[in-house]
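In our numbering, the protein residues as written are 300 to 532.
Just so it is clear, CB atoms sit at the ideal spot from N, CA and C, and this is done for glycine as well.
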Amino acid sequence: ITTAPSVVYKVVLNDGTIVDIDNPAHYPDPSMIDMVEEPWVVAHIMLPGDYLGAVMNLGMEKRGNCIKTETLDARRLVLTYHLPLNEIITDFNDKLKSITKGYGSFDYEFDHYEKGDIIKLEIKVNEEPVDAFSYLVHRSKAHAKGKAICEKLVEVIPQQLFKVPIQAAIGGKIVARETIRALTKNVTAKCYGGDITRKRKLWEKQKKGKKKMKEIGKVTIPQSAFMEVLKAE
300 ITTAPSVVYK
310 VVLNDGTIVD
320 IDNPAHYPDP
330 SMIDMVEEPW
340 VVAHIMLPGD
350 YLGAVMNLGM
360 EKRGNCIKTE
370 TLDARRLVLT
380 YHLPLNEIIT
390 DFNDKLKSIT
400 KGYGSFDYEF
410 DHYEKGDIIK
420 LEIKVNEEPV
430 DAFSYLVHRS
440 KAHAKGKAIC
450 EKLVEVIPQQ
460 LFKVPIQAAI
470 GGKIVARETI
480 RALTKNVTAK
490 CYGGDITRKR
500 KLWEKQKKGK
510 KKMKEIGKVT
520 IPQSAFMEVL
530 KAE
C-alpha cells in the first residue's frame, strides 16, 4: 500500500515519556498527550527575481518564515526559509517548479524540533477507518485537508451497489463528509403495465437489500486512490 512520505514527530506523553511517531495508526489517544514537537528545516530556495512574490506566497502557505534574502546575480535570488518538514516533503517542489516555470529549485537540511499543534486526521470509508488515508497535520490545515481528501476519494473510488459515506474526523468529530452514490438498477424493468403494487414490493426489496449490503459490504479501494490522496490539498 502506498503511504505518504513519513515525518517523525516527538510526542510527549503526560507521564513525561517521549515517543517517536511516524505513522498515524500509532498516534496515542489525545488524552494521553502533553504536547507534540514537529521537525523544522532550513531551506534555500533559488529563483529568478521575477517570481519573488509568488514564491513568498508559497512559503507563507506552507507555514514558513523567510529569514534571509540574497542576490546571486542580476536575475537570481536565494531565499532562506524556516519551514516545517511536513509542509515540504510531498508537493513543495512541484509547486515551486510550477510557479517559477521550472526555474526554481531548493534544498533543505534539518534544523530543530519545535512544539506544534499537530493532530490526527482520520479518514473513514463506509464507517471504517482507513489508516493509509489518515494524516498527522497541523490543526490549521486539518479541515481543508479532510475536505480535499473526501472530495478526491469520491472521484477515484468506484461506485458500489450501496451508498458509501466518506468522512474526515478529528477526535471522533466529523469535519468533512462526501458520499459516493449507489449504482442504480431498474428492478421494475420487467413489470409491464401499471402494476404499481408489484413495483412497490420490488422497490422495497431492493431498498432492504442495499441496506443489508451496506451493513456487511466491504468497499474495494483501487491502488490509484492512495496515489491520488497524496496529491489532495
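- Message: For the region 466-475 against the region 405-423, do three or more pairs of beta-carbon atoms, one drawn from each stretch, fall closer than 8 Å, so that the two count as touching?
- Response: yes
- Query: When you compare only the Cα positions, how much space is there between A353 and Y407?
  - Reply: 19 Å
- Message: Taking its Cβ as the centre, do 16 or more other Cβ atoms sit within 10 Å of P521, making it buried, or is it exposed?
- Response: exposed
- Top-ranked residue by Cα proximity to E413, from G315, V335 and T379: V335
- Message: Tell me which residue opens and which closes the alpha helix (DSSP H) that E360 is part of.
- Response: L351 to E360
- Message: Rounding to the nearest angstrom, what Cα-Cα distance links Y308 and P457 in this structure?
- Response: 34 Å
- Do S433 and P323 have their CB atoms nearer than 9 Å? yes
- Would you check if the distance between the CB atom of D333 and the CB atom of V311 is smaller than 9 Å? yes
- Message: When you compare the CB positions of H381 and G363, do they come within less than 9 Å of one another, or not?
- Response: yes
- Item | Own chain, CB closer than 7 Å to K394, minus 5 neighbours either side, in chain order | L357
- Can you tell me which of the three DSSP states T399 falls into? coil
- Proximal residues to A475 (C-beta, below 6 Å), its chain only, five neighbours per side dropped: G445, K446, C449 and A467
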